[in-house]
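Notes to accompany the following structure.
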Amino acid sequence: MSEQIVIVGFGPVAARLVDELLPAVRAGHASLTVVGQETEAAYNRVLVADLGVGRTTADALVLSDAGALAADGVDVRLGTRVRRVDRARQQVLLSEGPPVPYDRLVFATGSRPVIPNLTGINPDPASPVLPAGVTALRDLRDADILRKAVDGGKRVVVLGGGVLGLETALAAAEEGATVTVVHNGPHPLGRSIDRGGGAVLAAGLRRCGVRMAGNARSTGVEHNAPDGGFSALLLDDGSAIDGDLLVISCGVRPRTELAEGCGLSTAAGILVDHRLRAHHEPHIFAIGDCAEVRCPDPGCAVCRTASGPSGLVGPGWRQAEWLAEYLALLAAGAVEEADLLPDLQAEQPGVIVLKARGLTLAVAGDNGADPWDEEALTAGAVNGRPRLQVAQWADPEHGRYVKMTTRGGVLEGLVAVGMPRTAAELVGLFERRAELPADRSLLLRLDGPDQLPGSAAADPAGTVCRCAGVSGTAIRGAVEDGCSTVTEVSKATRAGTGCGGCHEDIRGLIEQHFSPAVP
Amino acid sequence: MTSSADTHCPYCALQCAMTLTSPTGPAPAAQPGPVPVALSTAPGVPLDVQGREFPTNRGGLCRKGWTSASLLNHPGRINEPLLRGPDGIHRPIGWDQALDLAATAVRDARARYGADAVGVFGGGGLTNEKAYMLGKFARLALGTSRIDYNGRFCMSSAAAAGMRAFGVDRGLPFPVEALDSAATILMLGSNVAETMPPFVQHLKGARDAGGLVVVDPRRSATAAFTADGGGLHLQPLPGTDLALLLGISHVVIHENLVDTAYIEERTSGYGAVVRSVNAFWPERVQTITGVPAELIRETARRLAAGAREGGSYILTGRGVEQHVDGTDTATAAINLSLLLGLPGSAHSGYGTLTGQGNGQGGREHGQKADQLPGYRKITDPAARAHVAGVWGVPEELIPGPGLPAVQLLKSLGKDDGVRCLFVHASNIVVASPDATAVIEGLRSLDFLVVCDFFMSETAAEADLILPVLQWAEEDGTLTNLEGRVLRRRPALTPPPGARSELWIMARLAERLGAPSTYSEDPETVFNELRRASAGGLADYSGIDYAILDRGEAAHWPFPAGGTGTPRLFRDRFAHPDGKAVLTPVVPGRRRASSGALPAAGTAAEARPFTLITGRLLEHYQSGSQTRRVAELLAARPEARLQIHPAAAAAMDITDGAPVSVANERGEVVCRAELSTAIRAETVFLPFHFPELESANRLTEASTDPISGMPEFKSNKVWVRPVAVAPAGTVLQTMEAS
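Listed below in structure tokens is the structure:
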């Protein structure tokens, strides 16, 4: 008797869950239905902006092949909406066709863009109808809209200074569009970044050709384009930013209405315990953007640091992998083994790495404290817990900025702008919770030219020929003994008899010997 | 009277051509200019070694090759069979007695436990003739399925990946000199500047074009070649190579760099690979690997540019293969090469750099647990029938598949395990993962026979040591890293008490009343190997000693009446439909976490690191040979733990200070070598040294599920300073010579 698993939603996280459950489906332990509202099978939403500026193709974004899944026995329903979940009967009611029964139901409904309250845009948060020339850049059709604007060299206004907005702005600017980013506060990325990093970031964006409109509050949109579409974003100071396309990038909100509709507990997202089960409902699970991991028991140690849905795909994929293993064990009847499955590791606070060509940026953790801010540094340093330490490097003229906030040598926050190797290294150290070298400047030097693998130091006694292990001293000795060509030196010392890469160096030593001494 | 022989170096798979000359002739006439220094003929060295012009080494040799002749009359040479007495001391015995003892041990083990209680462990240093005969000897004379070899520790992952993708595994499916004109060469986990220095000549073109891309967690000597405009060095965290390769493939797909016509005509499985690499965009891969996203993009673009003009090559080495996901990592490298249309094209390709001298030939002719000669599968009825025909035995006499090396060694002395073991051309006490457990296994055997010419650490454990020939004393063939069959020729008469393995196997087979024939003449054995390989993937049937002696380039497959194949896959791949297979691979969800906790009793000041093991220029494999060459030992007398100065400073470890490197499997004590060439969370140990300096005391015997390859490159260890070297340790001091 195979277990009936139904997945609601067919985005990247659902796709991973489906892939990981395939062995159980093939083994006949589970039968699987996946219901997707879009007409396409899962694709890589993270790269929709890249598609929108023509840097990749829709074919390359594909994450699932509906035909191949169907051939494996998965029931794939595309372009289908779930109307309602009937928990009492354990069935899912679809926009078309008979109800689908389930033994286990997984919500992977993801999130939808936040549409701010602007005059000229329908405020219905659940199903906003965006006017022509306005897009939230969420799906393939949105990418098409952006693509047309970029190809036409149009003016693009990006509303929102979050990471997705900045990525879209940079990519569109590099591909030829005229781009303005409109954001709250003095610098983009809001509270994720500190003041210094934000300033260097904003300057970097400007250098890449992106216009920055900071400290701006938008109030409405104007539709005066010839086709009646978007023509300008209106700000509360009475000014307007003209454009041909408005990209709304104001964050996302978990899609929870279906779960709410069937009486499940929700907060920011669908509430699940740290084994991804909906509260008080053993048959229903939630993963990815729509899920909020927080046990009903407020004393749960695992959920102590839970911080709601991250909006990043990495944690969702890890949840999908874990849940697949758990569900596969249940489906195979290995209930005890499933119970013994180790808990999913708590997620580290999210790391932001800007996907961009002309600008490198990595931000993670809490970057609020400054090196001299005694109050912030000692906050929380009780019961022997070490205080925060901040090391900082700012070179705004060259677009470089690094801040490392550590406790006990381990990063609690990092900012790295314009320093690609340092950024890569710091992110790795942050994720592994590894201790930084006491000399923090080592990390800055990764991006210095002296750190590029250089030629051997000019140590006169040093090895000239690695292959045969011959020193400069030995070669000089051979030259003094009468060798005057590379061949003769090779014969006498074996230098240059391996890969031959040191022939120039040997020639140099010979010439040095025979050239008159410089006074 | 001078005698000379054109042969090849005894060490690595580059098989540099050399001429050996007996210097007993008249002294050369005095000539103007520098006095020739008799370098390789130090007093008592019986042969002069000279590099010889050949496409692979172009006359060059490395330090190991130049000094190789000093081992021929080394005072430690074993010249008589040695039997260990009850007091543990090895004493000489005659050959008849030795062979009788070995035969008796085999019969006893078979009678008590069954045929599979006798095992054979071979080596990638054996000639083709000996490797072939060892497989036949094990299966027919010993009647056992339990044969495998040390190539399982080096080549099996790349071999499995090559088989899966191309239907055939030949390390380089193109001649080495094809690399000379390449615009881009991506080298993953291979430090050729140390392991096969003359090979570096073939990287010059790519370096001049700025297209050498080296992937290595260490700034190795090879990585240093990317400086000054030579190319790029990508320094990923150990064990993240697979993600890095997926990231490069991601860029190739998303930036439209795929050779779509090639994908259409010559491959299958494209769609699944597109889907699988989708999740590995450069910034995400940067977070996993520590390699900046822009370098990932740049690498993809350079490879694509090279594929369009000049040529692009992707080469893998042990650094990316010796992992529990080694086969998948090699597959990811192959997938990348297929996306770009490299394999089988005229100026581009993918290859793996074989390590051991006959690492290629040694993996083709039946030394592997699952294999029959000609790279045939032992489970394939047609293959079994063919080989049984050549051997003149009924097919059912050939046993089925045995156990791969790590499992074979784990079975030593166990119930249903191997009780009597023959070891050939391998120093498993030093070279195997979890070496301490291997030593325990060897000591629990009923009988251990080791064939060697030195008292290696493994020979020292043997009940019976049988002395064999060195390279300059024997005839035969080897197959180099490009699948080219080479002749090895004798320049010296062997010592009177030493014998060829072929002779030993023939005598033992006779004593055991084995079916079929066991010639001791290499050419006769080669001719039998040709027949056995005919029609197989590695078909040698058209090659004979005469062709090789004429200097013809004989790359297999070389069928009878045909010609050699310097470049494989020009028209088709070896799968039945002629297409290469793209197999989607992704990193494992949870890497083996064993070793994550310190062993009981670990000192509080010890800090965790990831250990990489690898090679030094001066030494070869377990060092059994090179540690006996005075010049090489003087240059590198001991293992040193390479550690970043910042990491060392945190523990007050100074350059040259003794350190302990430990985990739950064992402990190494050696000196530290501070170097900024290594990442701060990683340490490096060479594996050429024994006992307290043996890196493989720390490595885990966990293996790749497909190839059986062990994890050598990413083990958790705990490092701490030790005040003084513990009593009884073998910290040798370097003496100026």
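Sequence order for the protein chains is A and B.
Read in order, the letters of the first sequence correspond to residues 1 to 519 in UniProt numbering.
Read in order, the letters of the second sequence correspond to residues 1 to 737 in UniProt numbering.
Glycine included, C-beta positions come from ideal geometry on N, C-alpha and C.
Is residue i buried or exposed, if buried means 16 or more other CB atoms sit within 10 Å of its CB?
i, result
"residue 467 of chain B", "buried"
"residue 735 of chain B", "In this predicted model, residue 735 of chain B has a pLDDT of only 34, less than 50, meaning its place in the structure is not dependable; the value taken from the coordinates is given anyway. Under this definition residue 735 of chain B is an exposed residue."
"residue 309 of chain B", "exposed"
"residue 53 of chain B", "exposed"
"residue 475 of chain B", "buried"
"residue 381 of chain B", "exposed"
"residue 95 of chain A", "exposed"
"residue 18 of chain B", "buried"
"residue 549 of chain B", "exposed"
"residue 514 of chain A", "exposed"
Quick one: what's got a C-beta closer than 6 Å to residue i's C-beta in the same chain, skipping five residues either side?
i, result
"residue 390 of chain A", "369, 371, 405"
"residue 337 of chain B", "314, 343, 350"
"residue 455 of chain A", "Unreliable positioning characterises residue 455 of chain A in this predicted model, as indicated by a pLDDT of 38, which lies under 50. The coordinate reading is nonetheless provided below. There are no such residues."
"residue 646 of chain B", "680"
"residue 39 of chain A", "78, 79"
"residue 545 of chain B", "523"
"residue 538 of chain B", "364, 374, 375, 556"
"residue 519 of chain B", "525"
"residue 113 of chain B", "419"
By Cβ distance, which residues of its chain are closer than 7 Å to residue i, with the 5 residues on each side in sequence left out?
i, result
"residue 430 of chain A", "351, 364, 365, 411, 414"
"residue 229 of chain A", "131, 132, 133, 223"
"residue 47 of chain A", "56, 61"
"residue 512 of chain A", "none"
Which partner residues of residue i appear in the DSSP bridge assignment?
i, result
"residue 212 of chain A", "A/181"
"residue 420 of chain B", "B/118, B/447"
"residue 107 of chain A", "A/8, A/286"
"residue 609 of chain B", "B/717"
"residue 663 of chain B", "B/666"
"residue 312 of chain B", "B/184"
"residue 419 of chain A", "Answer is none; residue 419 of chain A lacks a bridge partner."
"residue 90 of chain B", "B/84"
"residue 65 of chain A", "BP columns for residue 65 of chain A are empty, so no partner."
"residue 3 of chain B", "According to DSSP, which records beta bridges pairwise, residue 3 of chain B is partnered with nothing at all."
"residue 296 of chain B", "BP columns for residue 296 of chain B are empty, so no partner."
"residue 231 of chain B", "B/212"
Between which residues of its own chain and residue i is the CB-CB distance below 8 Å, once the five residues before and five after are set aside?
i, result
"residue 225 of chain A", "132, 133, 231, 244"
"residue 76 of chain B", "454, 455, 628"
"residue 127 of chain B", "358, 361, 474, 476, 477, 478, 488, 522"
Comparing the C-beta of residue i with each C-beta of chain E, is any distance below 7 Å?
i, result
"residue 12 of chain B", "Checking the listed chains, one finds no chain E in this structure; the protein chains it contains are A and B."
>> With a threshold of 8 Å, are at least 3 pairs of Cβ atoms found where one atom belongs to the stretch 284 to 302 of chain B and the other to the stretch 157 to 175 of chain B?
In response: The stretch 284 to 302 of chain B, when compared against the stretch 157 to 175 of chain B, does not touch it at the 8 Å Cβ threshold.
> For the stretch 55 to 81 of chain A, which residues have a CB atom closer than 9 Å to at least one CB atom of chain B, in sequence order?
Replying inline: The stretch 55 to 81 of chain A vs chain B, Cβ under 9 Å: 55, 56, 57, 59, 60, 61, 62, 63, 64, 65, 68.
>> Taking beta-carbon pairs under 7 Å, can you tell me which members of the stretch 202 to 213 of chain A lie near chain B?
In response: Of all residues in the stretch 202 to 213 of chain A, none has a Cβ within less than 7 Å of some Cβ in chain B.
> Between the stretch 420 to 447 of chain B and chain A, which residues of the former have a C-beta closer than 7 Å to a C-beta of the latter?
Replying inline: Taking 7 Å as the cut-off between beta carbons, none of the residues of the stretch 420 to 447 of chain B comes near chain A.
> Counting Cβ pairs closer than 8 Å, one from the stretch 45 to 64 of chain B and one from the stretch 439 to 448 of chain B, do we hit at least three?
Replying inline: Touching, no, given that fewer than three Cβ pairs across the two stretches are closer than 8 Å.
> Below 8 Å, can you find three or more Cβ-Cβ pairs linking the stretch 246 to 254 of chain B to the stretch 316 to 330 of chain B?
Replying inline: Per the Cβ contact rule, the stretch 246 to 254 of chain B is not in contact with the stretch 316 to 330 of chain B (fewer than 3 Cβ pairs under 8 Å).
> Any residues in the stretch 107 to 121 of chain A with a beta carbon nearer than 7 Å to a beta carbon of chain B? Which ones, in chain order?
Replying inline: Within the stretch 107 to 121 of chain A, no residue has a Cβ lying closer than 7 Å to any Cβ of chain B.
> What are the residues of the stretch 395 to 424 of chain A that lie near chain B, defined by any Cβ-Cβ distance shorter than 8 Å?
Replying inline: Within the stretch 395 to 424 of chain A, the qualifying residues are 420, 421, 423, 424.
> What residues in the stretch 237 to 265 of chain B have a beta carbon less than 8 Å from any beta carbon of chain A?
Replying inline: Those residues of the stretch 237 to 265 of chain B that come within reach of chain A (Cβ to Cβ, closer than 8 Å) are 237, 253, 254, 255, 256.
> Is there contact here, the stretch 162 to 182 of chain B with the stretch 711 to 725 of chain B, by at least three beta-carbon pairs under 8 Å?
Replying inline: In the pairwise beta carbon analysis, the stretch 162 to 182 of chain B is classified as not touching the stretch 711 to 725 of chain B: fewer than three pairs are separated by under 8 Å.
> When the Cβ atoms of the stretch 378 to 389 of chain A are set against those of the stretch 195 to 215 of chain A, are three or more pairs found closer than 8 Å?
Replying inline: No: the two stretches stay apart, fewer than three of their Cβ pairs being nearer than 8 Å.
> When you check each C-beta in the stretch 232 to 251 of chain A against every C-beta of chain B, which residues fall closer than 7 Å?
Replying inline: Against chain B - using a Cβ distance shorter than 7 Å - the stretch 232 to 251 of chain A contributes no residues.
>> Against chain B, which members of the stretch 175 to 192 of chain A pass a CB distance test of less than 9 Å?
In response: Cβ contacts with chain B: none found.
> Are the stretch 680 to 690 of chain B and the stretch 116 to 136 of chain B touching by the rule of at least three beta carbon pairs closer than 8 Å?
Replying inline: Because the criterion of three Cβ pairs below 8 Å is not met, the stretch 680 to 690 of chain B and the stretch 116 to 136 of chain B do not touch.
>> Against chain B, which members of the stretch 298 to 329 of chain A pass a CB distance test of less than 9 Å?
In response: Listed in sequence order: 313, 314, 317, 318, 321, 322, 325.
>> Whether or not the stretch 321 to 340 of chain A and the stretch 269 to 288 of chain A are in contact is what I'm after, with contact meaning three or more pairs of Cβ atoms, one per stretch, closer than 8 Å; do they touch?
In response: Yes, the stretch 269 to 288 of chain A is in contact with the stretch 321 to 340 of chain A.
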